[in-house]
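> Residue numbers (my numbering): 505 to 933.
Glycine included, each C-beta is placed from N, C-alpha and C at the ideal position.
Bear in mind that the values here come from a model prediction, so they are computed numbers and not experimental data.
1) Which value, in whole angstroms, describes the spacing of the CA atoms of residue 757 and residue 539?
2) To the nearest angstrom, report how far apart residue 760 and residue 888 are at their CA atoms.
3) Pairs of beta-carbons, one from the stretch 623-642 and one from the stretch 838-858, closer than 8 Å: are there three or more?
4) Report buried or exposed for residue 592, applying the criterion of at least 16 other Cβ atoms within 10 angstroms of its Cβ.
5) Residue 722 and residue 684 look like a contact to me (Cβ under 8 Å); what is the Cβ gap, rounded to whole Å?
6) Report, in whole angstroms, the separation of the C-beta atoms of residue 693 and residue 907, which I expect to be a contact under 8 Å.
7) Pick from 529, 875 and 902: whose alpha carbon is nearest that of residue 676?
8) Apply the 10 Å Cβ neighbour rule to residue 828 and answer buried if 16 or more other Cβ atoms are within range, or exposed otherwise.
9) Can you give me the Cβ contacts of residue 708 inside the same chain, cut-off strictly under 8 Å, excluding the 5 residues immediately before and after it?
10) Would you kindly check if the distance between the Cβ of residue 834 and the Cβ of residue 852 is under 9 Å?
11) Quick check on DSSP: helix, strand or coil for residue 692?
12) Measuring straight from C-alpha to C-alpha, what distance separates residue 720 and residue 679?
13) Here's the rule: buried if 16 or more other CB atoms are within 10 angstroms of the residue's CB, otherwise exposed. What is residue 743?
14) My guess is that residue 647 and residue 607 are in contact by the Cβ rule of under 8 Å, so how many angstroms apart are they, rounded?
15) Excluding the 5 residues flanking residue 836 on each side, which residues of the same chain have their C-beta closer than 8 Å to its C-beta?
16) Does the separation of the CB atoms of residue 577 and residue 621 fall below 9 Å?
17) If you draw a straight line from the alpha carbon of residue 832 to that of residue 718, how long is it in whole angstroms?
18) So, is residue 601 buried or exposed, given that buried needs 16 or more other C-beta atoms within 10 angstroms?
19) Nearest to residue 586 by alpha carbon, out of 826, 774 and 859?
20) Work out the CA separation of residue 659 and residue 920 for me, nearest whole Å.
21) Going straight from the alpha carbon of residue 511 to that of residue 522, what length do you get?
22) If you reduce the DSSP assignment to three classes, tell me which class residue 637 lands in.
23) Would DSSP call residue 807 helix, strand or coil?
24) DSSP beta-bridge partners for residue 844?
25) Determine the direct distance from the alpha carbon of residue 567 to that of residue 561, and round the result to whole angstroms.
26) Could you give the residue range of the alpha helix (DSSP H) that holds residue 503?
27) Relative to the alpha-carbon of residue 726, which residue among 559, 864 and 681 has its alpha-carbon at the smallest distance?
28) Is it buried or exposed for residue 967, if we count other Cβ within 10 angstroms and need 16 for buried?
29) Please report the residue range of the alpha helix (DSSP H) in which residue 802 lies.
30) Cβ of residue 936 within 9 Å of Cβ of residue 673?
31) Hey, residue 878 and residue 864 are a contact pair by Cβ (cut 8 Å); roughly how many whole angstroms apart?
32) Spatial neighbours of residue 730 within its chain, please: C-beta separation below 8 Å, excluding the five flanking residues on both sides.
33) Going residue by residue through the stretch 852-918, where are the continuous alpha helix (DSSP H) segments of at least 4 residues, counting only ones entirely within it?
34) If distances are taken between C-alpha atoms only, which option among 901, 653 and 816 comes closest to residue 616?
35) Rounded to the nearest angstrom, what separates residue 873 and residue 916 at their Cα positions?
36) Between residue 574 and residue 628, is the Cβ-Cβ spacing less than 9 Å?
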């Protein structure tokens with residue numbers, strides 16, 4: 505009997521010791537693909553901006569065409585490659601809660617076809633002049649890779665199958681995707697922790713441990729990687745400016761609420777079209793985005809990284825209200841047209857733009873701290889995770905830790921404002 509239990513314990517230990525190399529293999533595979541994808545996405549966005557400056561009239565043909573191709577791929581091959589990436593991941597996690605370790609049930613959200621279509625569609629959209637970001641797609645693609653590998657490992661070796669939780673690997677994939685997109689492993693870990701909090705700490709230990717080890721490998725891969733936003737360390741001198749920042753957070757919370765509501769409402773409406781009239785949606789949206797970019801300039805389109813970096817590098821106010829309004833319109837139209845891509849980076853760019861305009865109304869304010877505040881305050885309600893939003897902005901701009909309490913305050917205020925807006929009054933009887 506003793507030998508039986510010793511043998512059983514030894515087998516269990518051997519199976520667990522095999523998990524770590526499998527996590528490493530999956531993490532490295534996901535990292536190689538997503539780093540390549542992020543670089544290509546950024547380059548394609550620059551090509552689209554260059555097209556506006558060198559051949560402005562060409563965009564009236566190129567943008568509608570590439571929008572149609574991008575949306576067609578999603579609609580006919582993997583509809584869940586478009587729309588809200590974060591919503592698809594949440595629905596996959598909810599499905600796993602009902603049917604644990606059932607890969608078939610979540611393949612429509614995180615399957616290999618969804619990954620491939622998301623990659624192709626989002627890159628085509630960026631090349632055509634779309635205004636969605638790479639970050640949401642990176643998270644969904646990474647979560648899909650981890651889920652797919654976990655399923656293959658479970659089928660390949662029944663011995664280790666009980667030690668591979670599909671949910672744990674999806675959480676790890678989410679953290680890896682966010683960490684690579686923002687060059688911040690710690691932000692990825694915070695993201696996983698906040699997702700676990702939302703899930704009421706369900707299966708905390710296996711979910712956290714899988715993500716922790718995966719993000720250690722990412723930290724090694726991204727060692728000495730440059731931040732995606734270039735900004736010198738700022739001095740935290742607030743005094744009376746805190747009241748203006750508080751007001752900015754309220755504005756961003758309200759704006760983000762209506763931004764998301766419009767995006768999701770029209771995306772669902774247009775996705776429900778079953779007739780051939782659907783083909784007009786991406787074409788018309790692409791044509792309007794072409795007009796926006798023609799009159800609003802290069803800062804009104806794109807993933808948002810270059811826009812934010814140029815705004816941070818400029819000593820004055822770079823972004824006008826026309827460019828900000830144009831970016832909001834182009835982001836909404838790219839999203840509702842059915843192209844793949846995320847709203848995370850566009851939210852940061854819109855927040856930076858609002859912060860820039862805000863300082864224009866009050867000339868005595870420091871522009872860069874308000875751009876920073878706008879980035880965090882608009883991202884928080886869009887991401888739905890204020891703690892993650894604050895850490896993402898802090899680390900992606902390489903600001904001192906002393907800024908974290910301020911960013912947390914702005915993120916929680918804007919997220920709270922969004923939740924207040926979500927409360928609908930009961931109809932009077």
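In short:
1) 31 Å
2) 11 Å
3) yes
4) buried
5) 7 Å
6) With a Cβ gap of about 19 Å, residue 693 and residue 907 do not count as contacting.
7) 529
8) buried
9) 700
10) no
11) helix
12) 11 Å
13) exposed
14) Contact doesn't hold; Cβ gap of about 12 Å is too wide.
15) 763, 766, 767 and 770
16) yes
17) 35 Å
18) exposed
19) 774
20) 44 Å
21) The predicted position of residue 511 is uncertain, since its pLDDT is 43 and thus under 50; no value can be drawn from it.
22) strand
23) coil
24) 586
25) 11 Å
26) In the structure displayed, the chain extends from 505 to 933; residue 503 sits before or after that span and is not available.
27) 681
28) The question about residue 967 has no answer here: the residues shown for the chain are numbered 505 through 933.
29) First-last for residue 802: undefined, no H or E at that position.
30) Since the displayed the chain opens at 505 and closes at 933, residue 936 lies outside it and no answer follows.
31) Incorrect: roughly 12 Å between the Cβ atoms, too far for contact.
32) 687
33) 871-887 and 890-900
34) 653
35) 17 Å
36) yes
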